[in-house]
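Participant: Mind looking over this structure? Questions follow.
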Amino acid sequence: MKNIAIIGGGVAGLSAAIYALRANAQVTMFEQYGLGGLVATIDKIENYPSYPSIDGFELANNMVMQAKQLGLKVVRRKVLSLTKEQDDFVVTTDKDSYTFTAVIVATGTSHNKLGIESDFVGKGVSYCATCDGNFYRNMPVAVVGNGKQAVREATYLADLCSLVHLIVPESQLNAEARAIDDLLAKTNVQIIYNATVSEIVCADTVSAIKVFANNSLSQIDVNGVFVAIGAKPITDFINIEGVEKQKGYLVVDDKCQTSVQGLYAAGDVTNGPLKQIVTACGDGAKAAVFACAYAGARK
Ligand SMILES: Cc1cc2nc3c(=O)[nH]c(=O)nc-3n(C[C@H](O)[C@H](O)[C@H](O)COP(=O)(O)OP(=O)(O)OC[C@H]3O[C@@H](n4cnc5c(N)ncnc54)[C@H](O)[C@@H]3O)c2cc1C
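Quick note: the sequence shown uses my numbering, first residue 216, plus one each step.
In structure tokens:
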């Protein structure tokens, strides 16, 4: 029996599930939150072939429906540990342990933190403009970061909020030219370069941030702070010797196999050079095909 675990129910994991289920594998997916992962929180996707423009939730939901129609079984739990015992893998949640012949890790990434905001999450600090932007309609907000995520979040919030302060720790923005053009076209976005947020002012809810830039400290009144300073791969639950990583990302070969036999990885958690939906789906497909071949050969 091809008995395969997929850890993570984002687009990489869902693509893997579709391929593995069509190959008649017995598939168990572990997902700690809602299926669809990061894509389900993105307002607009414009580079996924066959959809000139589609809401991220709708795209992710299409994949969820397709996988469910094939009989996907989902365990809605966080995986706390993945170990290898002889030739089998053991997946452990806070409730149960399960044994599998092959495993596909598709856990994506988690947000990097500023280090000063943990007490204020839910009181005005957020990591997702699409999820929480609506709470700050017609109010001033700040976005912190310089990359693709910060640029997209600031552009999205500009349509909802009275004013968006983009606090850029570096001297320039680092995103696709078209995304930067969209941002710069907004008249209610103020960008402060080479700036750091030194304090978040919060009694019951956030009311301001203190920003250090140009050798001086200033206070900016905002009701929301969106932290968009990148992410790191989620691999801390993997307790298997010999798993090769590169800057924390799982190193995979052209079959999406890691350095451990029977252990595959797909999507943003890998060291692949392009972190996009289309590549995550491609990884998921490859990981499933080769995980099924490996599990089938073991019997
Ligand atoms: C703001 C933003 C905009 C983007 N826009 C685009 C775009 O327009 N086009 C595009 O192609 N790409 C875009 N991307 C990139 C795209 O979202 C990612 O490449 C894609 O979501 C990666 O999918 P994934 O399945 O690898 O990871 P994820 O979507 O992160 O899914 C991982 C899943 O694993 C689960 N998980 C993690 N740890 C555990 C655990 N221990 N136990 C159980 N479950 C766990 C998580 O809850 C999550 O559901 C964007 C990214 C961002 C941040």
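For every residue, glycine included, the Cβ atom is placed at its ideal position computed from N, Cα and C.
All values reported here derive from a predicted model rather than from experimental measurement.
For leucine 250, which three-state DSSP category applies?
Facilitator: As a working note, residue 250 is residue 35 in the sequence shown. In this structure, leucine 250 counts as coil in the three-state DSSP scheme.
Participant: From serine 230 to glycine 499, what does the alpha carbon distance come to, in whole angstroms?
Facilitator: In the sequence shown, counting from the first residue as 1, residue 230 sits at position 15. In the sequence shown, counting from the first residue as 1, residue 499 sits at position 284. So the two alpha carbons sit approximately 5 Å from each other.
Participant: Identify, in the order they occur along the chain, each residue of the same chain with its Cβ nearer than 6 Å to the Cβ of glycine 477, setting aside the five sequence neighbours on each side.
Facilitator: Working through the sequence shown from its first residue, we reach residue 477 at position 262. Correct list, in chain order: Ala317 and Tyr509.
Participant: Thinking C-alpha only, which one of Ile455, Glu456 and Ala480 is nearest valine 466?
Facilitator: Here the question's residue 466 lines up with position 251 in the sequence shown. Nearest C-alpha to valine 466: Ala480.
Participant: On a Cα-Cα basis, can you pick out the residue from Gln472, Val421, Ala410 and Pro488 that is closest to leucine 432?
Facilitator: Walking along the sequence shown from the start, residue 432 turns up at place 217. Nearest C-alpha to leucine 432: Ala410.
Participant: Do you know offhand how far glutamate 459's Cα is from threonine 473's?
Facilitator: As a working note, residue 459 is residue 244 in the sequence shown. As a working note, residue 473 is residue 258 in the sequence shown. Taking the straight line joining both Cα atoms gives about 7 Å.
Participant: Assuming valine 484 and isoleucine 455 are in contact, meaning their beta carbons sit under 8 Å apart, how far apart are those beta carbons, in whole angstroms?
Facilitator: As a working mapping, residue 484 is identified with position 269 in the sequence shown. As a working mapping, residue 455 is identified with position 240 in the sequence shown. That belief does not hold up - the Cβ atoms of valine 484 and isoleucine 455 are roughly 14 Å apart, past 8 Å.
Participant: Should the region 248-268 be called in touch with the region 218-226, which here means at least 3 C-beta pairs below 8 Å?
Facilitator: A contact exists between the region 248-268 and the region 218-226.
Participant: Under 8 Å: do the region 343-363 and the region 376-387 share three or more Cβ pairs, one atom per stretch?
Facilitator: Yes, they touch.
Participant: Could you check what DSSP says for glycine 228 in three-state terms: helix, strand or coil?
Facilitator: Here residue 228 is taken as the residue at index 13 of the sequence shown, counted from 1. Helix, per DSSP.
Participant: Could you tell me the distance, in whole angstroms, from the CA atom of lysine 328 to the CA atom of threonine 314?
Facilitator: Looking up residue 328 in the sequence shown gives position 113. Looking up residue 314 in the sequence shown gives position 99. Their backbone Cα atoms lie some 34 Å apart in a straight line.
Participant: Throw me the rounded Cβ distance for the valine 242 and lysine 288 pair, which I believe falls under 8 Å.
Facilitator: By 1-based counting over the sequence shown, the position of residue 242 is 27. By 1-based counting over the sequence shown, the position of residue 288 is 73. Correct: roughly 7 Å between the Cβ atoms.
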